[in-house]
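J.:
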Amino acid sequence: MEPGEDPYNELAYLSPTNAKPLQSGWPLCCVSSRCRSKIERRYVGLRSATGELVAKKTQQPDERSEPILDLLNVKQISLLPYGSLPVDLSDLNSELTSLGLYPHRLLIRFKGGFVPNWLLLLDSDNMDYWHMGLLIYVKKLEELPSEGLIELFLWREFYRLASVGSTYSQFYTEFSLQPEEMDPAWNLSVSEKEIRDWLAGNMNAAFKPSRLTKLLDEYLPSCRRSQGSFETFARTLQLCLWSSQHFTSKVTAFDLEQFAWQCQGEQPDSIAKLQASSGITFGCDGSIIFSAFLDMLFCKANSVTDESRTQRVYHNMDLPLSAYFISTSHNTYLTGDQLRSDSSVQCYVSALRQGCRCVELDLWDGPKDTPVIYHGHTLTSKIDLEPVLLAIREHAF
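All you need for the working numbering is the position in the sequence shown, starting with 1, plus 1170.
#1: Could you name the residues that DSSP lists as bridge partners for V1214?
#2: Secondary structure at M1352, three-state DSSP: helix, strand or coil?
#3: Count the other C-beta atoms from every protein chain shown that fall within 10 angstroms of the C-beta of W1534, then say buried if there are 16 or more, exposed otherwise.
#4: Rounded to whole angstroms, what's the CA-CA distance from L1560 to W1325? Just pull it up for me.
#5: From K1378 to V1421, what distance separates their C-alpha atoms?
#6: Out of L1259, R1523, Q1516 and G1536, which one is the CA nearest neighbour of L1277?
#7: Under a Cβ-count criterion, where at least 16 other Cβ atoms within 10 Å of its own Cβ denotes burial, should E1556 be classed as buried or exposed?
#8: Tell me where the beta strand (DSSP E) around Q1428 begins and ends.
#9: DSSP beta-bridge partners for L1311?
#10: Assign H1301 to buried or exposed, taking buried as 16 or more other Cβ atoms, counted over all protein chains shown, within 10 Å of its Cβ.
#11: Going along the chain, which residues of its own chain have a beta-carbon closer than 6 Å to the beta-carbon of L1239, five neighbours each way excluded?
#12: Using 8 Å for Cβ pairs, my map puts L1291 next to V1214. What's the rounded Cβ distance?
#13: When the Cα atoms are used, what is the spatial distance from C1433 to H1274?
#14: Tell me where the alpha helix (DSSP H) around P1490 begins and ends.
#15: Is the number of C-beta pairs between the segment 1469-1483 and the segment 1508-1523 that are closer than 8 Å three or more?
#16: Determine the direct distance from the alpha carbon of K1208 to that of K1245, and round the result to whole angstroms.
#17: Please go through the same chain and pick out, in chain order, the residues whose beta-carbon is closer than 6 Å to the beta-carbon of C1528, but skip the five residues on each side of it.
#18: Can you give me the start and stop residues for the beta strand (DSSP E) that N1287 sits inside?
#19: Expressed to the nearest angstrom, what Euclidean distance is found between the alpha-carbon atoms of E1265 and V1201?
#20: Under a three-way DSSP split, which group does D1465 fall into?
#21: Skipping 5 residues on each side, what residues in its chain have a beta carbon closer than 7 Å to that of G1546?
#22: State the CB to CB distance for the pair F1468 and S1316, rounded to an integer number of angstroms; the pair is presumed to be in contact (CB under 8 Å).
#23: Taking 7 Å as the cut-off, decide whether the C-beta atoms of S1511 and T1540 are in contact.
#24: E1565 by DSSP, collapsed to three states: which one?
#25: Start and end of the alpha helix (DSSP H) containing W1368?
Put into structure tokens, the structure is as follows:
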């Protein structure tokens, strides 16, 4: 790729064939915000079915891979030159330099809590490929319709349920490909009892065995249900959530008009407008299958918010600064309460990256006449002023 070229122009770059090296697992060195003092060598792979990066310590067939990053939460992916780290990670420089074998560094920042979260991947040759692949894959995740997000959620829950159940299989010895590429011999499976327990624990839906069996007998042949496949899990969840629904398999044009008029308080032609904006396919008679009807209700085109106003600045920004409400923070440096919590430079980074334009620096005299920041006359920890100023310079402007 040429410098400055938009990587999203060639989404086909991450085809199933090209993605397999990322999915099959790659030996990388990893360090994260969760344990920044520990640099580990892991086999890292992309699990496309669940939208996650997964890792394991060895390639032993009896070791399963564990999720280390939800790619839906990624905020920034940066390819760093050798010897370069952001100021909030500068304390890692000496240790990384001592390794000497991993000049290419990929920094991934992601959402989760107040303190900034990040994952740093190191490799000698393949970081360009990882950078490109993850940029494209994250872009695809951002564009997923509601139907795709629901399927992603179901795959994640199915993986977790099968990984702890008695029917745990060898599927976790390999990083998964897309669901349609999976070898049936490696498939995970779950029992009806495990599905019942999951529904009770996660969805607050208690089902007697006889009732669940009756539902499944009606919609799924016993030969397919006995395999405990993903289809069984997803279909069971759908049946249990919508067991008392008014519609069954199809919603007619008359049903849609009544829904718009009686439930939505709108004119019947609102359905036609929603159909055009959502891209959902209707039958020749104006009917729609029930699952597509749900997709239409939860699609972005039917969102309660105006997406054109949430994705860009539309206000007049030419007035003096005093005319605007300024997003400010209080005790910016604290990770917790005002009495005994830790102070951290990363709290400034987090506040600034979330759009905060005013931060608090609580300055006190430190050792050797150097200023420190902390909540005075309390047990909160102290941080030096200099790294805070460097962080503000890097992330505020």
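All C-beta atoms, glycine included, are put in the ideal place defined by N, C-alpha and C.
What you are looking at is a predicted structure, and each value in this text was computed from that prediction instead of being measured.
T.: So, to answer that:
#1: W1196 and A1225
#2: Legend: pLDDT at M1352 = 39, less than 50; position of this residue unreliable, no value from coordinates given.
#3: exposed
#4: 42 Å
#5: 30 Å
#6: The residue among L1259, R1523, Q1516 and G1536 with its C-alpha nearest the C-alpha of L1277 is L1259.
#7: Label assigned to E1556: exposed.
#8: Looking at the DSSP string, Q1428 is not in any beta strand (DSSP E); the run it does join, the alpha helix (DSSP H), is A1423 to Q1428.
#9: L1311 pairs with nothing; no bridge assigned.
#10: buried
#11: Closer than 6 Å at Cβ, skipping near neighbours: L1223 and L1289.
#12: 7 Å
#13: 56 Å
#14: P1490 -> no alpha helix (DSSP H), and no H or E assigned at all.
#15: Touching, no, given that fewer than three Cβ pairs across the two stretches are closer than 8 Å.
#16: 23 Å
#17: If we look at C1528 and ignore the five residues flanking it on each side, its Cβ neighbours are I1496 and T1498.
#18: N1287 to D1293
#19: Just so you know, the alpha carbons of E1265 and V1201 end up roughly 11 Å apart.
#20: helix
#21: D1532 and W1534
#22: That belief holds up - the Cβ atoms of F1468 and S1316 are roughly 4 Å apart, short of 8 Å.
#23: no
#24: Here the sequence assigns His to residue 1565, which means Glu is not the residue at that position. The three-state secondary structure of H1565, taken from DSSP, is helix.
#25: E1362 to N1372
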